[in-house]
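Chains as they are written, first to last, in this note's numbering: chain A, 1 to 497; chain B, 1 to 497.
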């Protein structure tokens, strides 16, 4: 099995180069705010990217993979290692360098243009570069050819194994259910009042609190850090170095829920078994499963009544001017206020899925050439009304709101909602085993849930693809019924229904 | 001249890899304090080191250098670029890989052993690894063969162009002068009292103050940062990214003087002309010249009476409990108290040179095989008494105090004292041009000195070797008379002599 050893070594170097690249990115976002010149850093990142590419497409790598493919009786880890190695190799070797460079250049330009366009509510100025982006992504999908249809090939980049049809079969039936559910909540006579969240909360105190919560959630500060950045993110700079960032933006408590979200991502990466460290399997298996972990901690735990039964007195001590005489139950209802809104990243967990379904359907049509970039604002607004019952007042709060398309990420959006669905199904299983799990939260105790997730999800890293993993955990395929059940159980009491 | 273009490109990549390596090191020292596992980071650094080596020793690099050496009429920049490229190439190509690995391994072990030995005052336990280190450094010098004698070859690694003889000719005559000067100050009837510095000063306030001073000294926070670390240092992570670190250790005001010291290093790197950015010349030309800059800001400016005429009121506001009723003149005398002491890094600027001469002479004898490692404590103590009139009470405060030898840095020490000498000679020239320079400091104005240094030193990066540079600045070779003159002018008034 010397082939497997060689393969492992090549991809250990590949992982280390990726960790170095991640450090260059982390440092730029955390430590270089206000720097005069980031061109030098961009050159450094480009150099590392080139070295990663070179390492990957070497003749040696191709030969080893071919040899390893002839091996029989690989164990789960070796089989997965070969699968992921081949996947990484194919992605690099199938794409001509000119195409890769063109995609990078276009993304750099498109991002700048998008930023201005969003600021000035000027979709027209973004059209040429978005058209080019779509064309380049089509070309990329044609070269990769992972699936017969182009959009599935793009989806597969973020959710390995998933296809358009598979996702559509899940999203289509849940769509009307969500629409009706939102309508039902909206018709309730006693809706939550979230005005308490619009008061002023000292940003430094918010940050301090977020640190306290991270500790309680078992984020390990001996193999990670928390820092501030403009956009919160989680990044692994090593198998034992998983860092998160926090921002203190309005409305309250976005800083807290955002931190818990990133903590969920980090706990996943921190929980990967030692045998996988520094191998290509030492990372979450898909964006959807990753998102299931971040959302479980953010929404299922972090917005539960039991969580706030423990934390609210602390929050009252930090912000007596706002919360001293404000009842916990009302605060809990405020942070679970469901209502159609324009901006995806500010949406509640019920309407969120509809924001994603909108994008999923548009992306499919864009890639298939059924709709034109120039018609996007109209399509966006009309579909938005159909799904959420409101029409964005402008493109800034509509089709121009997300960074993804300008960066060339087409096929990424559906993984966010898949995350919610995976989350509900996994949590349902955890509850079967520990029916009184949420009693833990009242005591500020979160390790039983974490241990369950480590045992069933985290430790495996990328050994099992998302669909295998959910089968192993729950004994069935992804099933959106658990999500609807979760929503009903949670929101009917909050809305007095 | 396409050879020069190719050469420039190869070494731009080399510099970028070095910047990346510097980031890995900076991050480890600033952000990974208390991390469980730094092994992963060490592997990343080893990988980058390997890539740098590979880039450097490629056949292509050797060929280009040979071609470029045949070119005539190179301008100053191209000639220097070729010189430094060849120097870097030779250092990598002349050393067999086994030797490099052996040196690295030995240094890792020796450092650990040294730390324990110093802690336990147990020189014996350090002997075998120090012997091996000396042997490996001798072997390294034999392979490099930059100069006929081994010690000069080692010195040349840190102070390009300098030799043992050249330095000995400078150090030997100043040695008795320094000894006498210290004796003279010690015999004064009205010596400074430094007990005020042993009071408690809030570390956070010290850090805040150090930041305020950095701003006034024109450290550019748009192309650098200040952070905390266990040992203060300056590092370039890019031509426009020069970071410093600060620690708040006792005695006061070590945090402040240490920060000003690192600021001096940083201002040098920040002042290099744009044409040299991202080239192999974009760094200080030698350790001695670098140290001349850090010490000029730390000692000549930062311990001058005029500097404190401006800053003392601020310090009084920060630390009223200690300084409110304490006269500035006495404070200034306290921070310029000259007295023989055991620890080099805590020594005043007068006795400091004697600490260095001690090490310089011992290193020479060690490398030449004239003395044995096992006899070092005895030699250290007896020479120490000769130079400073006191005997270290133990090896922890004697021969075991420095990290350098255990890390394989033999030949580095003399550059520290050369820094003091270069500094005095350069500052003397600045005073010739601007006789009232120190009046600036009374007003918190430091840009005239900085502009002088930028024009005469900083902008050139590594174009001119130290001896050429000092000739260009002052019209003569390094001359220790300026340093003695500086000391007398400064210390006689302080000591009322």
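Built from N, CA and C at the ideal position, the CB exists for glycine as well.
Since this is a predicted model, take the numbers as computed values, not measurements.
Taking a beta-carbon distance threshold of 8 Å, residue 239 of chain B counts as an interface residue toward chain A.
Taken in chain order, the whole alpha helix (DSSP H) runs of length 4 or more contained in the region 27-81 of chain A are 39-57 and 59-69. In the DSSP annotation of this structure, the continuous segment of the beta strand (DSSP E) that includes residue 236 of chain A starts and ends at 234-238.
Spatial neighbours of residue 82 of chain B in its own chain (CB-CB distance under 6 Å, excluding positions within 5 residues in sequence) are listed in chain order as 68.
In the pairwise beta carbon analysis, the region 335-353 of chain A is classified as touching the region 413-421 of chain A: at least three pairs are separated by under 8 Å. Judged by DSSP secondary structure, residue 226 of chain A falls within the beta strand (DSSP E) whose first and last residues are 226-228. Put simply, the region 110-127 of chain B does not touch the region 164-176 of chain B. Fewer than three CB pairs are less than 8 Å apart. For the C-beta of residue 402 of chain A, not a single chain B residue is nearer than 7 Å; the gap to the nearest is close to 30 Å. For residue 48 of chain B, the nearest CB of chain A lies under 8 Å from its own CB, placing it at the interface with that chain. Residue 106 of chain A: member of the alpha helix (DSSP H) spanning 97-120, first to last residue. Between residue 332 of chain B and residue 374 of chain B, the beta carbon gap of about 45 Å keeps them out of contact (Cβ cut-off 8 Å). The C-alpha of residue 171 of chain B is placed about 11 Å away from the C-alpha of residue 478 of chain B. For a cut-off of 8 Å, the C-beta gap from residue 472 of chain A to residue 285 of chain A is around 11 Å, too long to register as a contact. Below the 9 Å Cβ cutoff, chain A contributes 35, 36 and 37 as neighbours of residue 223 of chain B, in chain order. With respect to residue 240 of chain A, residue 40 of chain B sits close: the two C-beta atoms are nearer than 8 Å. In this structure, the CA atom of residue 45 of chain B is about 42 Å from the CA atom of residue 476 of chain B. Here DSSP, grouped into helix, strand and coil, assigns residue 244 of chain B to strand. For residue 140 of chain A, the enclosing alpha helix (DSSP H) has its first and last residue at 127-144. Residue-level contact by beta carbon holds for residue 16 of chain A and chain B, with a gap shorter than 8 Å. The residues 239, in chain order, have a CB closer than 6 Å to that of residue 277 of chain B in the same chain once the five nearest residues on each side in sequence are set aside. For the region 21-32 of chain A, the set of positions with a beta-carbon nearer than 8 Å to some beta-carbon of chain B reads 23, 24, 27, 31 and 32 in chain order. A direct Cα-Cα distance of roughly 20 Å separates residue 229 of chain A from residue 215 of chain A. Contact between residue 495 of chain B and residue 223 of chain A fails: their C-beta atoms lie close to 54 Å from each other, not under 8 Å.
Contact fails between the region 428-435 of chain B and the region 155-168 of chain B, because fewer than three Cβ pairs, one in each stretch, are under 8 Å apart. With 16 or more other CB atoms across the displayed protein chains lying within 10 angstroms of its CB, residue 395 of chain A is buried. Contact with chain B is found for residue 278 of chain A, since one of that chain's Cβ atoms lies less than 8 Å from the residue's Cβ. Under the criterion of beta carbons closer than 8 Å, residue 132 of chain A and residue 153 of chain A do not qualify as touching, at roughly 19 Å. Going by DSSP, residue 360 of chain A is part of the alpha helix (DSSP H) stretching over 352-368. The count of Cβ pairs closer than 8 Å, one atom from the region 253-272 of chain B and one from the region 293-301 of chain B, reaches three, so the stretches are in contact. Listed along chain B are 51, each with a C-beta nearer than 7 Å to that of residue 51 of chain A.
Of all C-beta pairs linking the region 53-65 of chain A to the region 91-109 of chain A, three or more are shorter than 8 Å, placing the two stretches in contact. In the displayed model, residue 92 of chain A falls within a helix according to three-state DSSP. By the beta-carbon neighbour count (other beta carbons within 10 angstroms, threshold 16), residue 48 of chain B is buried. Residue 275 of chain B sits in a helix when the DSSP states are folded into three classes. In this model, residue 190 of chain A and residue 202 of chain A are separated by some 30 Å (Cα to Cα).
A Cβ-Cβ distance of about 6 Å is found for the pair residue 401 of chain A and residue 343 of chain A, placing them in contact under the 8 Å criterion.
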